[in-house]
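Read in numbering that gives the first Met the number 0, the sequence shown has 128 at position 129, and its numbers run on one by one without any break.
These notes are about the structure you will find just below.
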Amino acid sequence: MSSAPARPEPASGGGAGVVPRHVAIIMDGNGRWAKKRMLPRVAGHRKGADAVRAAVRTAGELGIEALTLYAFSSENWRRPADEISDLMGLLRHYLRSEIDELDANGVRFRIIGDHSRLESDLVRMLEEASERTAHNRGLTLVIALNYGAQDELVRVARSLAADAKAGLLDPAAIDAEVFESRLDTQGLPPLDLLIRTSGETRLSNFLLWQAAYAELMFVDTLWPDFNGDALRDAVAAYGRRERRYGGL
Ligand code: IPE
Ligand code: IPE
Ligand code: MG
Numbered sequence: 000m001s002s003a004p005a006r007p008e009p010a011s012g013g014g015a016g017v018v019p020r021h022v023a024i025i026m027d028g029n030g031r032w033a034k035k036r037m038l039p040r041v042a043g044h045r046k047g048a049d050a051v052r053a054a055v056r057t058a059g060e061l062g063i064e065a066l067t068l069y070a071f072s073s074e075n076w077r078r079p080a081d082e083i084s085d086l087m088g089l090l091r092h093y094l095r096s097e098i099d100e101l102d103a104n105g106v107r108f109r110i111i112g113d114h115s116r117l118e119s120d121l122v123r124m125l126e127e128a129s130e131r132t133a134h135n136r137g138l139t140l141v142i143a144l145n146y147g148a149q150d151e152l153v154r155v156a157r158s159l160a161a162d163a164k165a166g167l168l169d170p171a172a173i174d175a176e177v178f179e180s181r182l183d184t185q186g187l188p189p190l191d192l193l194i195r196t197s198g199e200t201r202l203s204n205f206l207l208w209q210a211a212y213a214e215l216m217f218v219d220t221l222w223p224d225f226n227g228d229a230l231r232d233a234v235a236a237y238g239r240r241e242r243r244y245g246g247l
């Protein structure tokens with residue numbers, strides 16, 4: 000057996016107050032937040048959008064390089080049409096109202112997931128926001144839309160198989176690096192910390208490949224209540240974790 004590691008561990012180890020380079024959040028609990036207040040679910044989503052603003056600001060202040068937010072999963076199409084339409088409306092509103100400030104703050108905007116299924120005006124807005132901010136050097140804000148990790152992995156497999164069939168790729172040359180270069184998250188720092196709010200302890204088809212060695216954190220706070228201090232606390236807790244990558 001080879002003594003060399005299959006892949007080098009990511010450069011950023013945890014511990015000793017280290018700030019995670021890449022944080023991802025499963026923003027869950029908007030519906031329950033609204034229900035507790037006898038409000039319609041959309042009120043929770045609206046308040047959730049405010050929590051997104053706070054998270055983006057705090058991530059920038061902390062010096063996090065990339066923040067990936069799960070906004071709409073490939074399974075969320077199972078929700079009632081009016082809720083889906085509310086969510087898409089809020090996304091439109093968020094983009095319109097925030098893009099100037101994001102750009103001015105040096106934020107690079109990016110999307111992951113199969114956005115081709117979204118409405119065409121939204122696709123245009125998302126692509127414009129990505130292009131406009133592509134050269135910024137601050138926080139990379141990644142929004143996962145119609146994202147499902149299994150769908151992402153299937154798309155990678157399909158593209159590798161197509162290239163192999165066309166004689167452009169030797170199957171023996173496929174390794175983790177080649178695979179990663181075709182993921183939606185290509186070029187982002189390795190995922191260090193994955194947070195899920197609302198007390199649920201599952202990944203719901205989010206970043207299954209990327210989470211291989213991420214630190215997982217499940218917090219009870221509902222997403223609309225997750226403020227800048229909550230993100231600071233999570234990052235501080237990450238700094239106290241020991242990451243081993245299979246070593247000692
Ligand atoms: C997360 O909140 C937002 C999305 C999934 C879009 P939920 O809408 O899932 O809220 P709960 O889980 O019903 O409380
Ligand atoms: C995961 O939350 C998806 C997003 C936060 C966008 P869900 O509320 O859809 O997950 P499940 O259905 O509880 O697993
Ligand atoms: Mg939920």
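Cβ atoms here follow ideal geometry from the backbone N, Cα and C, with glycine treated the same way.
Exercise. Determine the burial state of E241: buried for a count of at least 16 other Cβ atoms within 10 Å of its Cβ, exposed for fewer.
Key: exposed
Quiz item: alpha helix (DSSP H) containing M87: first to last residue?
Solution: A80 to A103
Self-check item: Test item: CB-CB of L68 and V51 under 8 Å
Solution: yes
Exercise. Please indicate yes or no: does the CB of M37 lie closer than 7 Å to some heavy atom of ligand 1?
Key: no
Quiz prompt | Outcome for Q185 when other beta-carbon atoms lying within 10 angstroms are tallied against a minimum of 16 | solution = exposed
Quiz item: Can you tell me whether DSSP reads F205 as helix, strand or coil?
Solution: coil
Exercise. Please say whether I173 and Y146 have beta carbons closer to each other than 8 Å?
Key: no
Quiz item: Hey, V109 and I63: beta-carbon distance below 8 Å or not?
Solution: First, the amino acid is wrong: residue 109 is Arg here, not Val. No, Cβ-Cβ distance for R109 and I63 is not below 8 Å.
Quiz item: Would you report the Cα separation of K34 and R40, rounded to the nearest angstrom?
Solution: 7 Å
Quiz prompt | CA-to-CA distance, I25 to P4, given in whole angstroms | solution = Caution applies to P4, whose pLDDT of 48 falls short of 50 and renders its modelled position unreliable; the model cannot decide the point.
Quiz item: How would you label Q209, buried or exposed, when you count the other beta carbons within 10 angstroms and need 16 or more for buried?
Solution: buried
Exercise. Find the nearest neighbour of T220 within the set G28, Y93 and V17, judged by alpha-carbon distance.
Key: G28
Quiz item: Can you tell me the Cα-Cα spacing of P7 and D85, whole angstroms?
Solution: At P7 the pLDDT is 49, less than 50, meaning the model places this residue with poor confidence and gives no usable figure here.
Self-check item: Endpoints, alpha helix (DSSP H) assigned at F278
Solution: What the structure shows of the chain is the stretch from 0 to 247, and residue 278 is not part of that stretch, so it cannot be assessed.
Quiz prompt | Length of the line joining the Cα atoms of G245 and R95 | solution = 45 Å
Quiz item: Mind pulling the alpha helix (DSSP H) runs of 4 or more residues that sit fully within the region 28-73?
Solution: 29-35 and 40-61
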